[in-house]
Amino acid sequence: MKSRKFIDAIIDKWPAKVLSVVIAMLLFMFNRMSALEERFFSVPLSVAIDGDFVPASSYPRMVRVTLRGEANSIYPILEDDIEAYIDLTRYKTEGVYKAPVLIRKKGTALGVDPLEAQVDPLEVAVAIEKRLTKFVPVTPTFRGYLESGYELSSYTVSPPQIEVSGPAGLVENLKDLTTDFIELSGKKENFSVSVKVINRDGLLSIRGNGMVEFGGTIQQSIMIRTLERLPIVLSGLKDGLIARPKANFGSVRLQGSQNDLEAYVPEASLLSLDCSSVDGEGLYILPLIVSSPPNFTVVRFDPIEIEVEIDSADDQFAPEAPR
């Protein structure tokens, strides 16, 4: 009898009692959830994909993660222990595919309860293409100017080519990769430097550490300078003779380093005629002699030879015959 009364008491107005229990549970959960805190940070987004394919379109490289849980549980979690990724491994043909962003917990994120993790965006669309690998040349990029009067005569890049892989359509059209800036300012001696190869497209990957060794050979700049109206000096003329050259000035073109040529002041004897072979009066053709400094090369000079009239000094001072 007592059991019957107990059962009747339980089922009496049971809908209201069930509703009360549900409300109590909801209030409990609400109170608990309202006591939880949120933590926000961003993590890299990786793409899991079949090894023969690679992403071929831009996609978010970072996603925003929201962790919800108790303060003493969520703040000790390291950001590196929350990984975000999309799984495209089931796709075996080229195309554009959309996949949800998934979360993988590890390390300090394991065993935390309660812990709710949400990501933004929720899903990502990515195009995939066949992977292509090839070697492309490395082109150096310069900045600044060498010291005045010097030039970069040659250079080497080691290795001269670097291996690149990525989507076939992108790699096929890739002609070269450039380096970070190589500073030339003020340099006047040979130098070498390690420099980074710049990857301007995140869809490409460079094999190795992405560094090359650059070696530059610097030499003085070579120029040509023309000297005009230089006096022609006579030398070696025997006593008692007088020389009358048909030309008293000449010109010469010299080749040498820019700094040396710009500072060069011609000597008075740069151009000369050697009259030591002249024995007496008459008309002689003598070669023009250019006595340039040893660090210069004579490109050309003018005139090459000069007609010289030789007279006796006695004839010049002899008295005129009476008329």
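In the numbering used here, the protein residues as written are 1076 to 1398.
Glycine included, every Cβ here is placed at the ideal spot set by N, Cα and C.
Going by CA-CA distance only, name the one from the options that's closest to residue i.
i, options, result
"Val1023", "Asn1265, Glu1112, Arg1179 and Ile1381", "There is no way to answer for residue 1023, as the model of the chain reaches only from 1076 to 1398."
"Leu1278", "Leu1111, Val1118, Pro1135 and Glu1112", "Pro1135"
"Phe1371", "Ala1243, Val1308 and Gln1295", "Gln1295"
"Glu1384", "Tyr1230, Pro1378, Phe1376 and Gly1355", "Gly1355"
"Ser1269", "Asp1255, Arg1275, Asp1276 and Arg1282", "Asp1255"
"Thr1253", "Val1365, Arg1165 and Lys1271", "Lys1271"
"Ile1167", "Ala1243, Phe1128 and Pro1119", "The amino acid at residue 1167 is misidentified as Ile; the sequence shows Lys. Nearest C-alpha to Lys1167: Phe1128."
"Ile1149", "Val1140, Glu1169, Tyr1160 and Arg1114", "Arg1114"
"Ser1347", "Ala1338, Ala1322, Gln1330 and Leu1358", "Ala1322"
"Phe1324", "Leu1363, Gln1330 and Asn1334", "Leu1363"
"Val1194", "Val1340, Val1140 and Ser1132", "Val1140"
"Tyr1339", "Pro1369, Ile1307 and Ser1267", "Pro1369"
"Arg1304", "Asn1248, Pro1341, Pro1235 and Glu1154", "Pro1341"
"Asn1334", "Arg1165, Lys1263, Glu1154 and Ala1159", "Lys1263"
"Gly1283", "Ala1146, Asp1251, Ser1133 and Pro1234", "Pro1234"
"Gly1182", "Glu1154, Ala1146 and Lys1313", "Glu1154"
"Asn1147", "Ile1379, Leu1111, Arg1218 and Ser1367", "Leu1111"
Mind checking who residue i pairs with in its DSSP beta bridge?
i, result
"Leu1227", "Ile1293"
"Arg1375", "Arg1328"
"Glu1113", "Arg1143"
"Glu1384", "Arg1319 and Leu1358"
"Ser1352", "Beta-bridge pairing links Ser1352 to no other residue."
"Ala1202", "Val1171"
"Pro1189", "The partner list for Pro1189 (beta bridge, DSSP) is empty, contrary to what the question assumes."
"Ser1121", "Tyr1160"
"Val1213", "Leu1252"
"Val1308", "Ser1347"
"Asp1195", "Arg1139"
"Leu1313", "Checking the sequence, you will find Lys at residue 1313 rather than Leu. In the DSSP output, where bridge partners are listed per residue, Lys1313 has none listed."
Once you ignore the five residues that flank residue i on each side, which residues in its own chain have a CB closer than 7 angstroms to its CB?
i, result
"Val1232", "Val1213, Pro1215, Val1287 and Phe1289"
"Gly1311", "Asp1349, Cys1350 and Ser1351"
"Ala1388", "Gly1315, Leu1316 and Ile1317"
"Glu1198", "Lys1173, Ala1174, Pro1175 and Val1176"
"Ser1267", "Glu1288, Phe1289 and Gly1290"
Output needed for residue i: all residues of its chain with C-beta closer than 6 angstroms, excluding positions within five of it in sequence on either side, in chain order.
i, result
"Leu1336", "Met1298 and Arg1300"
"Ala1184", "Ile1152, Asp1156 and Ile1157"
"Asp1386", "Ile1317 and Glu1356"
"Pro1320", "Ile1381 and Val1383"
"Ala1243", "Glu1204, Lys1205 and Leu1207"
"Arg1218", "Phe1256 and Glu1258"
Can you find the residues in the same chain that come closer than 8 angstroms, C-beta to C-beta, to residue i, ignoring five residues on each side of it along the sequence?
i, result
"Ala1393", "Low per-residue confidence applies at Ala1393: pLDDT is 49, beneath 50, and the placement is therefore not dependable, though the value from the model is reported in the following sentence. If we look at Ala1393 and ignore the five residues flanking it on each side, it has no Cβ neighbours."
"Thr1292", "Leu1227, Ser1228, Ser1229, Tyr1230 and Asn1265"
"Asn1106", "Residue confidence for Asn1106 is low, a pLDDT of 49 falling below 50, so the modelled location carries little weight and cannot support an answer."
"Ala1396", "Low per-residue confidence applies at Ala1396: pLDDT is 48, beneath 50, and the placement is therefore not dependable, though the value from the model is reported in the following sentence. No residues qualify anywhere along the chain."
"Met1137", "Ser1117, Val1118, Pro1119 and Leu1120"
"Val1246", "Leu1207, Thr1208, Lys1209, Val1239, Ser1240 and Leu1279"
"Pro1196", "Pro1135, Val1138 and Val1176"
"Glu1222", "Gly1261, Lys1262 and Lys1263"
"Pro1306", "Asn1323, Phe1324, Ala1343 and Leu1346"
"Ile1379", "Pro1362 and Leu1363"
"Asp1251", "Val1211, Pro1212, Val1213 and Thr1214"
"Asp1276", "Gly1241 and Leu1245"
"Val1308", "Ala1343, Ser1344, Leu1346, Ser1347 and Leu1348"
Anyone know if the C-beta pair for residue i and residue j falls short of 9 angstroms?
i, j, result
"Ile1157", "Leu1142", "yes"
"Gly1257", "Ile1203", "Going by the sequence as given, residue 1257 is Ile instead of Gly. Against a cut-off of 9 angstroms, the Cβ pair of Ile1203 and Ile1257 comes out as no contact."
"Gly1261", "Ser1332", "no"
"Gly1144", "Asp1188", "yes"
"Phe1210", "Val1171", "no"
"Leu1163", "Tyr1220", "no"
"Ser1344", "Asp1377", "no"
"Val1353", "Val1365", "no"
"Leu1361", "Leu1329", "no"
"Ile1237", "Val1201", "no"
"Glu1191", "Ala1131", "no"
With a floor of 4 residues, list each alpha helix (DSSP H) that falls wholly inside the region 1130–1158, ordered by position along the chain. 1146–1149
Runs of beta strand (DSSP E) lying entirely within the region 1233–1297, each at least 3 residues, in chain order: 1236–1242, 1252–1258, 1266–1271 and 1286–1295
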